[in-house]
Amino acid sequence: MDLCAGGGVIPFLLSQRTKGRIIGIEIQSEVCALARRGTVLNHLEDRVTFLCADAKDSDALIGRGSCDVVTCNPPYFTVDAARDMKLNRHLAVARHELLITLADVLEISARLLKPGGKLALVHRPERLVELISGMRAQGIEPKRMQWVHPHRQKPANMVLVEGTKGGKPGLTVLKPIVVYDAAGQYTEDVRQKQ
-18 MDLCAGGGVI PFLLSQRTKG RIIGIEIQSE VCALARRGTV LNHLEDRVTF
32 LCADAKDSDA LIGRGSCDVV TCNPPYFTVD AARDMKLNRH LAVARHELLI
82 TLADVLEISA RLLKPGGKLA LVHRPERLVE LISGMRAQGI EPKRMQWVHP
132 HRQKPANMVL VEGTKGGKPG LTVLKPIVVY DAAGQYTEDV RQKQ
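Each step along the sequence shown adds one to the number in the numbering used here, with nothing skipped, and position 118 is 99.
Shown next, in the form of structure tokens:
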């Protein structure tokens, strides 16, 4: 299950790594329509499904405790941090917590996951403490973390966190990912993950 699926990038990438069934849920109908079109263009109709619905209703739609894995690239910015929301409505909803908050995502994930199920999130470093404490409050133990740096000399601008529902304490911090080399090209690490 991919919450806040947007145009479907994560489900499409996951479809290359698993034979399992993948469901994406996206609240914006126009964006969900694009994801559904991508499913057809990529001939994935039998494995990838997009629901145009509010993620807050996802356990009612697919069943509580029904997911082995939940992924999410949630809105990063709180409404308070959104002083200059000059974006179009679709981008504003995708980037700012207008319709769903980090706390909502974690609560929904806990309801969807089977015991031992995995949650994988990408978020901003400045919200890491909130993310980890929120995961633990929902019974999802952070197990792996990886910083993402745009350039080797720059601070991380993203963090990847994986947790296990009902997992035992113990966090492994993986080698950081650096996205661009000095010439502005993707690094070998990024090219290998594509």
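Heads up, the beta-carbon is just placed ideally off N, CA and C, and yes, glycines get one too.
Every value quoted in this text rests on a predicted model; they were computed, and no experiment measured them.
{"Query": "Please determine if the stretch 23 to 33 and the stretch -11 to -2 are in contact, where contact requires at least 3 C-beta pairs separated by less than 8 Å.", "Result": "yes"}
{"Query": "Give the list of continuous alpha helix (DSSP H) stretches no shorter than 4 residues that lie fully inside the stretch 11 to 56.", "Result": "39 to 43"}
{"Query": "Assuming Gly98 and Cys53 are in contact, meaning their beta carbons sit under 8 Å apart, how far apart are those beta carbons, in whole angstroms?", "Result": "Not a contact, Cβ separation roughly 13 Å."}
{"Query": "Pull up the distance between the alpha-carbon of Gln127 and that of Ala14, whole angstroms please.", "Result": "32 Å"}
{"Query": "Looking at the structure shown, is Lys0 part of a helix, part of a strand, or coil, going by DSSP?", "Result": "coil"}
{"Query": "Taking the beta strand (DSSP E) that Glu143 falls in, what are its first and last residues?", "Result": "Met139 to Lys146"}
{"Query": "Just to confirm the assignment, what range does the beta strand (DSSP E) spanning Lys124 have?", "Result": "Ile121 to His132"}
{"Query": "Drop a sphere of 10 angstroms on the beta-carbon of Thr145, count the other beta-carbons inside from all chains shown, and report buried for 16 or more, exposed for fewer.", "Result": "buried"}
{"Query": "Suppose the cutoff is 8 Å on Cβ atoms and the five residues either side in sequence are ignored; what does the same chain contact list for Val160 look like?", "Result": "Val129, His130, Pro131, His132, Tyr167, Thr168 and Val171"}
{"Query": "Is it right to say Arg2 is buried, meaning 16 or more other beta carbons lie within 10 angstroms of its own, or is it exposed?", "Result": "exposed"}
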